[in-house]
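Taking it in order: structure first as C-alpha cells, then the write-up.
There are 2 protein chains.
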Amino acid sequence: MSKVHNFSAGPCILPQEVFKEASEAILNFNNLNLSLIEISHRSKDFVAVMEEARSLVKELLNVPDGYTVLFLQGGASLGFLMTAYNMIGDHKKSAYINTGTWSSKALKEAALVGEVDVIASSKEDGFNHIPKGYTIPTDADYLHYTTNNTIFGTQFKEIPNTSIPLVADMSSDIFSQQIDVSKFDLIYAGAQKNMGPAGTTVFIVKDEILKRNRVDIPTMLDFETHIKKDSMFNTPPVFAVYVSMLNLRWLKKNGGVEAIEKVNNEKAALLYAEIDNNPKFKGYAAVEDRSNMNATFNLTDESLKEKFESMLKEANINGLNGHRSVGGYRASMYNALPLESVQVLVDVMKAL
Amino acid sequence: MSKVHNFSAGPCILPQEVFKEASEAILNFNNLNLSLIEISHRSKDFVAVMEEARSLVKELLNVPDGYTVLFLQGGASLGFLMTAYNMIGDHKKSAYINTGTWSSKALKEAALVGEVDVIASSKEDGFNHIPKGYTIPTDADYLHYTTNNTIFGTQFKEIPNTSIPLVADMSSDIFSQQIDVSKFDLIYAGAQKNMGPAGTTVFIVKDEILKRNRVDIPTMLDFETHIKKDSMFNTPPVFAVYVSMLNLRWLKKNGGVEAIEKVNNEKAALLYAEIDNNPKFKGYAAVEDRSNMNATFNLTDESLKEKFESMLKEANINGLNGHRSVGGYRASMYNALPLESVQVLVDVMKAL
Numbered sequence: 001m002s003k004v005h006n007f008s009a010g011p012c013i014l015p016q017e018v019f020k021e022a023s024e025a026i027l028n029f030n031n032l033n034l035s036l037i038e039i040s041h042r043s044k045d046f047v048a049v050m051e052e053a054r055s056l057v058k059e060l061l062n063v064p065d066g067y068t069v070l071f072l073q074g075g076a077s078l079g080f081l082m083t084a085y086n087m088i089g090d091h092k093k094s095a096y097i098n099t100g101t102w103s104s105k106a107l108k109e110a111a112l113v114g115e116v117d118v119i120a121s122s123k124e125d126g127f128n129h130i131p132k133g134y135t136i137p138t139d140a141d142y143l144h145y146t147t148n149n150t151i152f153g154t155q156f157k158e159i160p161n162t163s164i165p166l167v168a169d170m171s172s173d174i175f176s177q178q179i180d181v182s183k184f185d186l187i188y189a190g191a192q193k194n195m196g197p198a199g200t201t202v203f204i205v206k207d208e209i210l211k212r213n214r215v216d217i218p219t220m221l222d223f224e225t226h227i228k229k230d231s232m233f234n235t236p237p238v239f240a241v242y243v244s245m246l247n248l249r250w251l252k253k254n255g256g257v258e259a260i261e262k263v264n265n266e267k268a269a270l271l272y273a274e275i276d277n278n279p280k281f282k283g284y285a286a287v288e289d290r291s292n293m294n295a296t297f298n299l300t301d302e303s304l305k306e307k308f309e310s311m312l313k314e315a316n317i318n319g320l321n322g323h324r325s326v327g328g329y330r331a332s333m334y335n336a337l338p339l340e341s342v343q344v345l346v347d348v349m350k351a352l
Numbered sequence: 353m354s355k356v357h358n359f360s361a362g363p364c365i366l367p368q369e370v371f372k373e374a375s376e377a378i379l380n381f382n383n384l385n386l387s388l389i390e391i392s393h394r395s396k397d398f399v400a401v402m403e404e405a406r407s408l409v410k411e412l413l414n415v416p417d418g419y420t421v422l423f424l425q426g427g428a429s430l431g432f433l434m435t436a437y438n439m440i441g442d443h444k445k446s447a448y449i450n451t452g453t454w455s456s457k458a459l460k461e462a463a464l465v466g467e468v469d470v471i472a473s474s475k476e477d478g479f480n481h482i483p484k485g486y487t488i489p490t491d492a493d494y495l496h497y498t499t500n501n502t503i504f505g506t507q508f509k510e511i512p513n514t515s516i517p518l519v520a521d522m523s524s525d526i527f528s529q530q531i532d533v534s535k536f537d538l539i540y541a542g543a544q545k546n547m548g549p550a551g552t553t554v555f556i557v558k559d560e561i562l563k564r565n566r567v568d569i570p571t572m573l574d575f576e577t578h579i580k581k582d583s584m585f586n587t588p589p590v591f592a593v594y595v596s597m598l599n600l601r602w603l604k605k606n607g608g609v610e611a612i613e614k615v616n617n618e619k620a621a622l623l624y625a626e627i628d629n630n631p632k633f634k635g636y637a638a639v640e641d642r643s644n645m646n647a648t649f650n651l652t653d654e655s656l657k658e659k660f661e662s663m664l665k666e667a668n669i670n671g672l673n674g675h676r677s678v679g680g681y682r683a684s685m686y687n688a689l690p691l692e693s694v695q696v697l698v699d700v701m702k703a704l
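Residue numbers (my numbering), protein chains in the order written: chain A, 1 to 352; chain B, 353 to 704.
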C-alpha cells in the first residue's frame, strides 16, 4: 500500500520504528517470552522502562535539579484540576491567559479552588491571536497559560515574563522546541502529540511547590503522592509509558529537541509560505502568532472544497479537517511528520 | 522458547490471540495503513472500537437498561474518589466494609466528602477473612465493598443484602463470574486483571444516581460529564480500550462469563485441594472466603523456600510471589490462565 501522510491533530503520527518496536513488545518483551502488557508493573523490566522514560524527559528538556518528572493518567483535562489543587496558595487566587478551548477548560477547574483572574483573552476574536500587553497581578498564586493552541493554530513565541510562579499546559508543543524549564514551576502535557500514544500525561513539577501552604488534596490528585512513589503509586498506564519512552529514545537518537526544532521550523515555513502565496487559501491565525505545530487555513473560494478534498484523498493525505468548532483545514506537523509529507500537501495546494 | 505459566497478580496474562491482534493493530489497524495509535479518537474506526467495548460489557454482564458503561482513566484509585463524589447525597454519610488494602484506600477518599461509617472490618485479623453479621445503616447514602481482595486472597461469596444503594470495586474479579448488575448502583474495575491491559477503568453507572441531590464535582470526576459525551469527553486511552475490546470479544467467543466461571471454579478447586492435602503448604485466607482469582498460601517449613522457588523457576512459573505486605505465595488465576498452568504448579507442589 502507498504511504499515508498523517496530519492528524492527535492522537497523531509517531515514527515507524516506534510502531515496530511497540508491536514486537506486545508479543515478547525483553526476550522474557511474555508480553509487555502481561508483566507486573513492579517487575524490574517495567521499572526500568518507567525510569528511562522519566530520565529521557529530563535529558531532552535539560530539566534542572529540583524538578520531578511524573507519568500519570487522566490527560491534560485532569491536569487542569491537579494544577489548581497543587498550585493554589495563600492568595487563593490564580491568573489565567485564555487563548482557546483548552485554557477555557483549565480556568473552569481553577474556579473550584479559588478566585480566577482572566488577565487576557482573545475569545472575542475567535481566539485567532495571542493576547499581548496584559498585566500580571502580583497577588495571584500562579499564572497559567497554554503554549500552543491546537484548535486555532496559535502559539506563544515568548515565555510570559512574570514574578509569580508560572504553569504551562504544553500538550501540543512539548519536545518540539527548546524551552527554559527553570522559568516554570509546573509543566504538563498529554502524551498524544509529540510524546507518545494517548493514555498518559507528563508532569514536570518543581519540588519547591510542595513546600508551600497547601489545601487538602485528594490522594490521586496530589503530586506529593506520586513523587513519593516514583510515579508508581498505583498501576501506571504501562503501554503508553513504554511507547513514550521509545519515542523519546528516537528523538534523542535523531539529535534531540534542538535538531527537531530546526526541522519543525522548516516544515512550518514551507506550508505557511504556500498559504500566503496561494490566493486560493488564507490563514486563520494572526501571522505573528502562528503555530509551528498546527497550521489552520481556509479556502478563499468555498466552491473548490470538493475538488480540494478529492485531491487530498488522491494524495493519501489524512487528518486535514479543521476542528469541528472552527471548520476549514488544520495541518498538524508534529515531530514525526516528515518534511516530505508537508511537500506533498503543498504540491496539492499548488495544483488546485 | 518454552511456555511461561504467568500467575502475575496484575497486569496479568491475557489470551495469546489478543496479544497477536493488538500487535498487528499497532502496525496497521483495520487495513487503514495507519497504526491504531496514530488515528484520531474521533475517527469512525476508533469510535466503533469504543462502542463495541461498551456494548460487550453490557452483553457479557447482562447489564439491564438504565445503566451506562464508561471507559475512563486513573485506575480504581481514582475511582475511589469518583465514587465518593458521585454517590454522596443528602445524608452526607457513607458505609464501607473494610476487607483489605484497596477498601482501606477507598474509604480514605470518601472521608473527603462526608462521614464514613466502617461497618465491618477484618483488619485486626490481617484481612484473612470476609466479615459477616454486620448491620447496614439506613441513613447512609451508599454501601461500598471490594468483591475480591487480590492481596489477601479473599472474596465475597454473596452480594450484601442492602436497602441502600450498593457500590462495588470489582477490579480483580469482574468478568470471572456471573453477577446480578441490577443489585448495584455503581460497579467499577481497573482493567488490568480480567478485562485488559493497565490504563483504563470500566464504570457501570446506574443513570438514576445522577438524578439525586449532588455535591459540586470537578468536571473530570463527574460521571455526568462522561455519560453525556459517550465516554469520549477527552482523548480516551485508545490502546487500553482497544485491547479490552479484543479480550471481551475473546470471552464472548469462548462462551462468555457463564463458561469461564466453570473453568475458574475448576482451576481454584484444583489448587486449593493441593494446598489442603499437601502438608508442606498452608492457605492464608479463611476456607469459606477463599478467592477463586488469587490463592494465597505459605510453606509450612520455611527451609524449603529456596528449593521450591528453584523448582518454580525450572517449571517456567512466573509471578507467584506474594504481595510485599503479606509475603508467601499468591497464585493469580485470572480468566486467561489455562487450567494446564495450574496443573503445572500443582505438580511442582506435589514434587517438593
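Even for Gly, the Cβ is constructed at its ideal location relative to N, Cα and C.
Since the structure is predicted, the reported quantities are computational estimates derived from the model, not experimental observations.
- Rounded to the nearest angstrom, the gap between the Cα atoms of B:T498 and B:W454 is 7 Å.
- Within the stretch 488 to 555 of chain B, the complete beta strand (DSSP E) segments at least 3 residues long are 495 to 498, 518 to 521 and 538 to 542, listed from N- to C-terminus.
- Fewer than three pairs of CB atoms, one per stretch, sit closer than 8 Å, so the stretch 104 to 123 of chain A makes no contact with the stretch 246 to 253 of chain A.
- Restricted to the stretch 354 to 410 of chain B, the alpha helix (DSSP H) segments that are unbroken, complete and at least 4 residues in length are 368 to 379, listed in chain order.
- For the stretch 651 to 688 of chain B, the continuous alpha helix (DSSP H) assignments of 4+ residues that do not extend past its boundaries occur at 657 to 666, in sequence order.
- Residue environment: B:P517 is assigned as buried (16 or more neighbouring CB atoms within 10 Å of its CB, all protein chains considered).
- Pairing B:T502 with B:A637 gives a Cβ-Cβ distance that is not under 8 Å.
- Secondary structure note for A:Y272: its alpha helix (DSSP H) is the uninterrupted segment G256 to N277.
- Interface criterion not met: the Cβ of A:I317 is under 8 Å from no Cβ in chain B.
- Close to B:M572, with beta-carbon spacing below 9 Å, are these residues of chain A in chain order: G74, G75, S77, L78, F80, L81 and E109.
- Residues of chain B with a Cβ closer than 8 Å to the Cβ of A:T235 are, in chain order, G362, P363, G427, G542, Q544 and A550.
- If you check each beta-carbon in the stretch 20 to 48 of chain A against every beta-carbon of chain B, the ones closer than 9 Å belong to K20, A22, S23, E24, A25, I26, L27, N28, N31, L32, N33, L34, S35, L36, I37, E38, I39, S40, H41, R42, S43 and F46.
- At a Cβ-Cβ threshold of 8 Å, B:I561 and B:M439 count as neighbours.
- Chain order gives the chain B residues near A:N6 as L386 and E390, where near means a beta carbon separation below 7 Å.
- Ranked by how close their Cα comes to the Cα of A:K58, the residues A:V47, A:F71 and A:Y134 have A:F71 in first place.
- Counting along the chain, A:T101 sits inside no beta strand (DSSP E); it lies in the alpha helix (DSSP H) bounded by residues T101 to A110.
- The beta carbon of A:F71 does not come within 8 Å of any beta carbon belonging to chain B, so the residue lies off that interface.
- For B:I440, no alpha helix (DSSP H) run applies, since DSSP gives it neither H nor E.
- If you ignore the 5 residues before and after A:T135, its C-beta comes within less than 8 Å of the C-beta of I119, all in its own chain and listed in chain order.
- Under the Cβ criterion of 8 Å, B:V415 is not counted among the residues facing chain A.
- Within chain B, the residues whose beta carbon sits less than 8 Å from that of A:L14 are S387, I389 and E390, listed in sequence order.
- Of all residues in the stretch 237 to 253 of chain A, those with a C-beta nearer than 8 Å to a C-beta of chain B are P237, V238, F239, A240 and V243, reading in chain order.
- Counting of Cβ neighbours within 10 angstroms places B:R564 among the exposed residues, the total staying below 16.
- The straight-line gap separating the alpha-carbon atoms of A:Q155 and A:Q16 is approximately 27 Å.
- Near chain A, meaning a CB-to-CB distance below 8 Å, the residues of the stretch 450 to 475 of chain B are K457, K460, E461 and L464.
- Under DSSP, A:A295 forms a beta bridge with A:A331.
- Under DSSP, A:E115 forms a beta bridge with A:K93.
- A:A76 and A:D169 do touch by the CB rule: their CB atoms are close to 6 Å apart, below 8 Å.
- Across the structure, B:K545 and B:V700 are spaced so that their CA atoms are roughly 25 Å apart.
- Residue environment: A:G133 is assigned as exposed (fewer than 16 neighbouring CB atoms within 10 Å of its CB, all protein chains considered).
- By the criterion of a C-beta distance shorter than 6 Å, B:G635 is surrounded in its chain by I627 and F649, once the five residues flanking it on both sides are discounted.
- Shown here, A:S121 sits in a strand according to DSSP, grouped into three states.
- Three or more Cβ pairs closer than 8 Å define a contact, and the stretch 367 to 387 of chain B falls short of that threshold against the stretch 564 to 578 of chain B.
- Per the coordinates, the alpha-carbon of A:I97 lies some 9 Å from the alpha-carbon of A:D117.
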